[in-house]
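K.L.:
From first to last, the protein sequence lines stand for chains A and B.
Note that the first sequence ends on residue 576 in the working numbering; no numbers are left out.
Note that the second sequence ends on residue 576 in the working numbering; no numbers are left out.
I am attaching a structure below and will ask some questions about it afterwards.
2 protein chains.
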Amino acid sequence: MKLFESELKVVNIGLESFRQGLNDSGVKNVQAQFKPPLSAETSLFARTAKRAARITRANKKALDRILAARPALVGMGIALDVVPGMRKDLILHAGPPVSWEKMCGPMRGGVMAALMYEGMAKTPGEAARLAASGKIKYAPCHEHGAVGPMAGIVSASMPVFIVKDEAHGNYSYATQNEGLGKVLRYGAYSTEVIERLNWMEKELYPALKSALEFLGRIDLKTMVAQALHMGDEVHNRNRAGTSLFYRAIAPAVIRTCKDPERAAKALDFINGNDHFFLNLSMALSKASLDAGRNVKDSSLVVVMARNGTEFGVQLSGTGGRWFTGPAPVPDALYFPGYSKADANPDIGDSAITETNGLGGFAIAAAPAIVQFVGGSASDAAGYTLAMYGITAGESDSYKIPSLDFRGTPTGIDVIKVAKTGVLPFIDTGVAHKDPGVGQVGAGVLSAPPEPFARAFEHFARSLK
Amino acid sequence: MKLFESELKVVNIGLESFRQGLNDSGVKNVQAQFKPPLSAETSLFARTAKRAARITRANKKALDRILAARPALVGMGIALDVVPGMRKDLILHAGPPVSWEKMCGPMRGGVMAALMYEGMAKTPGEAARLAASGKIKYAPCHEHGAVGPMAGIVSASMPVFIVKDEAHGNYSYATQNEGLGKVLRYGAYSTEVIERLNWMEKELYPALKSALEFLGRIDLKTMVAQALHMGDEVHNRNRAGTSLFYRAIAPAVIRTCKDPERAAKALDFINGNDHFFLNLSMALSKASLDAGRNVKDSSLVVVMARNGTEFGVQLSGTGGRWFTGPAPVPDALYFPGYSKADANPDIGDSAITETNGLGGFAIAAAPAIVQFVGGSASDAAGYTLAMYGITAGESDSYKIPSLDFRGTPTGIDVIKVAKTGVLPFIDTGVAHKDPGVGQVGAGVLSAPPEPFARAFEHFARSLK
C-alpha cells in the first residue's frame with residue numbers, strides 16, 4: 113500500500129521521449145544516462161576480457177607509436193609523381209570504398225570537377241558519362257596514404273603536401289585547401305571551381321613548393337600543439353593553425369618567389385581562408401595514426417572516414433579491413449536558405465583528426481564551434497571529457513588550456529566503444545546532397561554505432 | 113558551559129597567518145574571504161551613496177564612450193613629427209610623473225639607451241650625466257597621448273604607430289615592440305640594443321609604414337576580439353594578435369617594399385616576436401579609454417600606469433590628476449638565475465590593457481599565463497570573475513570563450529574598488545631593478561591599494 117501513498121518519483125532509462133508524459137503530468141522524474149552496449153553478443157565481451165592483458169599491451173604499443181610520431185611537412189609534389197599507386201585514370205575519394213553508382217551527390221560532383229580539371233571532360237554531362245563508363249577507377253584516399261576533406265577527391269594533376277612522420281619514416285599526402293563557397297570538395301564543379309584549381313596548380317603550388325624547399329621542413333606537431341592553445345581543434349576551426357603556418361612560410365615565399373605580386377597573391381589566398389590548415393592537420397593525423405597500424409591484438413581505431421554514403425572504420429589489429437555502416441546527417445548550423453533536408457550524410461576523411469585525439473575530441477579547446485549549434489562552453493568540455501571514457505590514453509603533446517592543459521583523449525578503443533555505447537564525437541562541415549551546390553552548413557554529430565559494433569565483433573571473434 | 117563541551121570551530125577574519133596556530137593544533141577553521149574597504153572615511157561612502165544615481169549616469173556615459181570606441185591603426189610616423197608636444201630634449205616614460213633622481217634602475221637604463229640612440233651621448237656614463245644634467249625633460253607618455261610598455265621610453269627619433277578612435281576622432285601613439293632579451297624597455301642599453309633600434313627606424317619602420325599606407329587602415333578592435341578567442345589576453349600573451357596582424361600586413365609589405373630581402377627581414381622580425389602586438393593592444397586601449405575621459409561625476413578609472421617607483425591612477429571625472437602610491441613587486445616566474453630579490457617594482461603603461469577590460473581582466477581567456485605562476489585554468493577564470501565585482505559593465509566586443517563568450521569586465525569603478533577592497537588584477541613582465549640588465553621574469557599581481565584609496569577620497573570629497 114505504501115507505494116500508492118508516497119509521492120511518485122520515476123527514473124527513466126533509455127528513450128528520453130518516455131519522459132514527456134511524466135513531465136506533462138507534473139511527475140518528478142530523472143533521466144538515467146544509460147547506454148546499452150553496441151553488441152548483443154555477450155560472449156564476445158567475455159572473449160576480450162579473457163585476453164585483456166594482451167590487448168592492453170598491444171594497445172599501449174600502438175598508442176605509443178601514434179604519440180611518438182613526429183609529423184612534419186617536408187615538401188610538395190604532383191599527385192601522379194608522389195602519391196603511391198596514383199594513375200591518370202584513378203580518382204581517390206574520402207571514406208571507405210564506393211562505386212560511382214553508390215556515390216552521394218557531392219562526391220559525384222567532386223569527381224566531375226576533377227575530370228574537367230584534368231581536361232578529360234569538357235562539360236558536366238560529359239564528365240558524368242565518363243565517370244560512369246568504367247574507364248575511371250576509384251579508390252579510398254586512405255588506401256594510398258592520403259586524406260581529403262569532404263568529397264576528398266585527389267586526381268593525378270593535383271598538387272599535394274607531403275608529410276613525413278620523422279620518427280617512423282612513413283608518409284602521408286593531402287591536397288591544398290580550396291577555401292569556402294563553391295569548391296570541389298563540397299561537390300561544386302562550375303567554371304570558377306575549375307579556374308581556382310588551375311590557379312592553385314600553376315601559381316600557388318610553385319610558390320609554396322619553393323618556399324618549403326628553402327625552409328627544408330615545417331614542424332606540424334608543434335604547430336598543432338600551439339593551435340590548441342589558440343582556440344582551434346584543427347578540424348572545424350583552423351584560424352590559429354592557418355595563422356601559424358602563414359607566419360612560418362611567408363618570409364620564405366617572399367625570398368623564393370621572383371614575382372612579388374605572385375607571392376602576395378599566394379599569401380592573400382591563405383590569409384583569406386581560415387581552413388587552409390585543415391588539410392595539413394589531416395595529413396599530420398594520418399601520418400601519426402599510420403604509425404600505429406598493424407599491431408597484432410590491438411583494438412585501437414586507426415581510421416574513421418566517411419564517403420557520404422557509409423561511415424568506415426579500420427583497427428590497428430585488423431589491417432586494411434573496413435567496417436562500415438550508414439553515415440548519419442549532422443546536427444548543424446545551416447546557411448540561410450538551407451535546412452537539414454538539404455544536407456548530405458556525413459562525408460570526408462577529416463574524422464582522421466578525431467581518430468588522432470583532435471577535432472571533436474579536443475572541442476573543449478574550441479567552444480566557439482559548439483556555440484554555433486546552440487551549445488555552451490561547458491557542453492564543449494563535456495564532449496571532450498566523455499571521450500576519455502573510450503580512449504586508451506591521453507596525448508602528451510596536444511593539450512587543452514581550459515582543462516588545465518590535460519592531454520586530449522587519444523587512441524579510440526573499439527572495445528570501450530562497444531561496451532559503453534559512447535560513440536566518437538565529431539565536428540564537421542555539411543555538403544548539399546546534390547552535386548554542384550557546395551557547402552550548406554557546419555555542425556556536430558556522434559559516429560554511427562554499426563561500424564564500431566561490426567569492428568568489435570570481428571576483432572573479438574578473430575582473437576586467438 | 114556548552115561552549116567548552118562542544119567541538120571548537122573557528123572562523124578567521126583578516127590576516128591568514130592567524131590560522132597557522134589553529135592548523136598546528138588540529139582545530140577546524142575556515143578563512144572568511146573578507147576584505148576591509150580601502151578608505152576608513154565612512155562619510156565619503158555616504159557622500160557617494162547620496163549621489164549614486166548621478167554617478168551611475170555619468171559612469172554609463174563614460175563606459176558607453178569607451179565601448180563605442182573604434183580604434184584602428186591608421187599610419188606610422190616619427191615621434192617628433194606626430195606625437196603632440198614632442199621635442200628633441202623631451203623623453204616620455206611610463207607611469208605617473210617622475211624625476212631622474214627618483215627613477216628606478218630599468219627606467220634610467222631606458223633613458224640612457226634613448227640618449228645614445230638619439231646620438232646625444234656616446235657612452236652609458238655620458239648618457240647618465242646628460243640625463244641628470246637638467247637639460248633633458250621628462251613627461252609621462254599618457255600626457256602626450258602615448259603609451260609604452262615597461263620603461264615606456266619614447267624619444268624624438270623613434271617611429272610610432274598612430275591609432276585613431278574612428279568613433280570619436282582621438283588619437284594614440286606607441287612605439288614598435290623590440291622583442292625579448294636585451295631591450296631598451298627593460299632597461300638594457302648595450303650596443304645590440306642601440307643597433308636594433310637603428311634597424312627598427314631605418315628598415316622595419318619604412319616597410320611597415322608603406323604597407324599601412326597601401327592598406328589605408330587595420331581594424332584593431334576586431335583583431336583584439338579575435339585574439340581573445342585564440343588564447344591571448346593581449347597583455348602578457350600576444351601570439352594570436354601578432355599572428356593576425358602579421359597575416360593582415362604581410363601581403364602589403366611584399367607589394368610595397370622594393371627589396372624582397374628587406375621585406376622578408378621585416379616579417380621575420382615580427383614572426384620572431386610574439387609580443388609584437390602588445391604595443392598595438394596598448395595603443396588600442398589608450399585610444400578607447402581617452403574617449404571616456406572628462407565625464408563630470410564619473411568614478412571610472414581611465415588610466416592605470418606604473419613608472420617602476422609609483423603606481424598611478426586617473427579617473428574620468430577628475431581630469432589629468434594623478435593619484436599615486438608605491439608600486440609593488442609582482443609574483444612571477446623568474447628566469448633561471450634570478451629571484452624576486454632581483455625584481456624591480458611593477459613598471460609600465462601596459463596596465464592600460466587591464467583598464468580597458470583586457471590583460472588580467474581577460475585572463476580567463478589565457479590560462480597559460482596563470483599556469484606559469486602555479487595557478488590553474490579555474491584560478492584564471494576566478495580572477496576574471498572577481499573583476500566583474502569592481503567594473504561598471506561588460507565589453508560588447510571582447511568576449512571570453514570559456515565563460516560562454518561573456519564580455520570582459522570593463523570600466524573599473526573606483527567606488528566599487530574602495531568599497532570592496534578588491535583590487536585590479538594585472539599580469540605583467542618583470543624587469544631587473546638595475547639599469548642595463550633587462551627582463552628577469554613574468555607574472556601577476558594585484559594593484560596596490562593607496563592610489564585607489566586616494567582617488568576615491570578625492571573624488572568623493574570634490575562631488576558637488
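Glycine included, each C-beta is placed from N, C-alpha and C at the ideal position.
Nothing here was measured: the structure is a model prediction, and the numbers come from that model.
Could you check whether the stretch 302 to 317 of chain A touches the stretch 277 to 290 of chain A, counting it as contact only if at least three pairs of C-beta atoms, one from each stretch, sit closer than 8 angstroms?
P.N.:
yes
K.L.:
What does the alpha-carbon distance come out to for the pair Gly299 (chain B) and Gly222 (chain B)?
P.N.:
4 angstroms
K.L.:
Have a look at B:Leu535, B:Phe484 and B:Ile527 and flag the residue whose alpha-carbon is nearest the alpha-carbon of Leu497 (chain B).
P.N.:
Sorting B:Leu535, B:Phe484 and B:Ile527 by C-alpha distance to the C-alpha of Leu497 (chain B) places B:Leu535 at the top.
K.L.:
My assumption, with CB atoms under 8 angstroms, is that Phe389 (chain B) sits in contact with Val346 (chain B). Please give the rounded CB distance.
P.N.:
Sure, about 7 angstroms apart at Cβ, within 8 angstroms.
K.L.:
Per DSSP, which residues does Asp525 (chain B) bridge with? Please list them.
P.N.:
Bridge partners of Asp525 (chain B): B:Leu412.
K.L.:
I need the straight-line Cα distance from Gly487 (chain A) to Tyr495 (chain A), nearest angstrom please.
P.N.:
11 angstroms
K.L.:
Starting from Tyr358 (chain A), follow the alpha helix (DSSP H) in both directions and report where the run begins and ends.
P.N.:
Arg351 to Thr368
K.L.:
How far does the alpha helix (DSSP H) with Gly553 (chain B) in it extend, from its first residue to its last?
P.N.:
Annotation for Gly553 (chain B): no alpha helix (DSSP H) segment contains it, though the beta strand (DSSP E) segment containing it runs Gln551 to Ser558.
K.L.:
Of the residues that make up the stretch 476 to 509 of chain B, which ones have a beta carbon closer than 7 angstroms to any beta carbon in chain A?
P.N.:
Within the stretch 476 to 509 of chain B, the residues whose Cβ lies closer than 7 angstroms to some Cβ of chain A are Pro479, Ala480, Gln483, Ser488 and Ala489, listed in chain order.
K.L.:
Whose CA, out of B:Asp539, B:Pro560 and B:Pro561, lies closest to the CA of Pro261 (chain B)?
P.N.:
B:Asp539
K.L.:
Could you check whether the stretch 361 to 375 of chain A touches the stretch 399 to 415 of chain A, counting it as contact only if at least three pairs of C-beta atoms, one from each stretch, sit closer than 8 angstroms?
P.N.:
no
K.L.:
Using DSSP with H/G/I as helix, E/B as strand and the rest coil, what is Gln483 (chain A)?
P.N.:
Helix at Gln483 (chain A).
K.L.:
List, in chain order, every chain A residue whose beta-carbon is nearer than 7 angstroms to that of His341 (chain B).
P.N.:
Gly343 and Ala480
K.L.:
Which parts of the stretch 373 to 436 of chain A are runs of the alpha helix (DSSP H), unbroken and 4 residues or longer, counting only runs that do not cross its ends?
P.N.:
390 to 402
K.L.:
If you draw a straight line from the alpha carbon of Glu313 (chain B) to that of Lys321 (chain B), how long is it in whole angstroms?
P.N.:
11 angstroms
K.L.:
Does any residue of chain B bring its CB to less than 8 angstroms from the CB of Ser355 (chain A)?
P.N.:
yes
K.L.:
For Leu379 (chain B) and chain E, any beta-carbon pair shorter than 8 angstroms?
P.N.:
Protein chains in the displayed structure are A and B, and chain E is not among them.
K.L.:
Would you verify that the beta carbon of Tyr358 (chain A) is, or is not, closer than 8 angstroms to some beta carbon of chain B?
P.N.:
yes
K.L.:
Using the three-state DSSP reduction, which class does Phe577 (chain A) fall into: helix, strand or coil?
P.N.:
Outside the shown range of chain A, which is 113 to 576, sits residue 577 (chain A), and nothing can be said about it.
K.L.:
Determine, using beta carbons only, whether Ser514 (chain A) comes closer than 8 angstroms to chain B.
P.N.:
yes
K.L.:
Arg329 (chain A) touches chain B at which residues, Cβ-Cβ below 9 angstroms?
P.N.:
The contacting residues do not exist; Arg329 (chain A) stays about 17 angstroms from chain B at best.
K.L.:
What does DSSP give as the partner residue(s) for Phe273 (chain B) in the beta ladder?
P.N.:
B:Met188 and B:Ala286
K.L.:
Between Gly424 (chain A) and Asn456 (chain A), which are expected to be in contact by the criterion C-beta below 8 angstroms, what is the C-beta distance as a whole number of angstroms?
P.N.:
Gly424 (chain A) to Asn456 (chain A), Cβ: 16 angstroms. No contact.
K.L.:
Please name the residue, chosen from A:Gly523, A:Asp409 and A:Pro440, that lies closest to Glu422 (chain A) on a Cα-to-Cα basis.
P.N.:
A:Pro440
K.L.:
Considering just the uninterrupted stretch of the beta strand (DSSP E) at Lys511 (chain A), what are its terminal residues?
P.N.:
Counting along the chain, Lys511 (chain A) sits inside the beta strand (DSSP E) bounded by residues Thr503 to Ile512.
K.L.:
Starting from Pro438 (chain B), follow its DSSP beta bridges and name the residues at the other end.
P.N.:
B:Glu422
K.L.:
So what does DSSP say about Lys247 (chain B), is it helix, strand or coil?
P.N.:
coil
K.L.:
Specify the secondary structure class of Thr520 (chain A) as computed by DSSP and reduced to three states.
P.N.:
The answer is strand: DSSP assigns Thr520 (chain A) an E or B state.
K.L.:
Which value, in whole angstroms, describes the spacing of the CA atoms of Ala286 (chain A) and Arg359 (chain A)?
P.N.:
20 angstroms
K.L.:
Relative to the alpha-carbon of Gly562 (chain A), which residue among A:Gly246, A:Val526 and A:Gly548 has its alpha-carbon at the smallest distance?
P.N.:
For the record, residue 562 (chain A) in the displayed sequence is Glu; it is not Gly. Ranking the options by Cα distance to Glu562 (chain A), first place goes to A:Val526.
K.L.:
Would you verify that the beta carbon of Phe423 (chain B) is, or is not, closer than 8 angstroms to some beta carbon of chain A?
P.N.:
no
K.L.:
How about Gly248 (chain B): is its C-beta nearer than 8 angstroms to some C-beta of chain A?
P.N.:
Reading off the sequence, residue 248 (chain B) comes out as Ile, not Gly. Not an interface residue.
K.L.:
Roughly how many whole angstroms lie between the Cα atoms of Val73 (chain A) and Ser462 (chain A)?
P.N.:
As shown, chain A starts at 113 and ends at 576. That puts residue 73 (chain A) outside it, with no answer to give.
K.L.:
For Pro372 (chain B), go through chain A and note every residue whose CB falls closer than 7 angstroms to its CB, in chain order.
P.N.:
Ile366, Arg367 and Pro372
K.L.:
Using the Cα positions of Ala453 (chain A) and Asn348 (chain A), report the straight-line distance between them to the nearest angstrom.
P.N.:
22 angstroms
K.L.:
Looking at the secondary structure, which residues open and close the beta strand (DSSP E) in which Asn205 (chain B) lies?
P.N.:
In the sequence on display, residue 205 (chain B) carries His and not Asn. Looking at the DSSP string, the run of the beta strand (DSSP E) that includes His205 (chain B) is Leu202 to His205.
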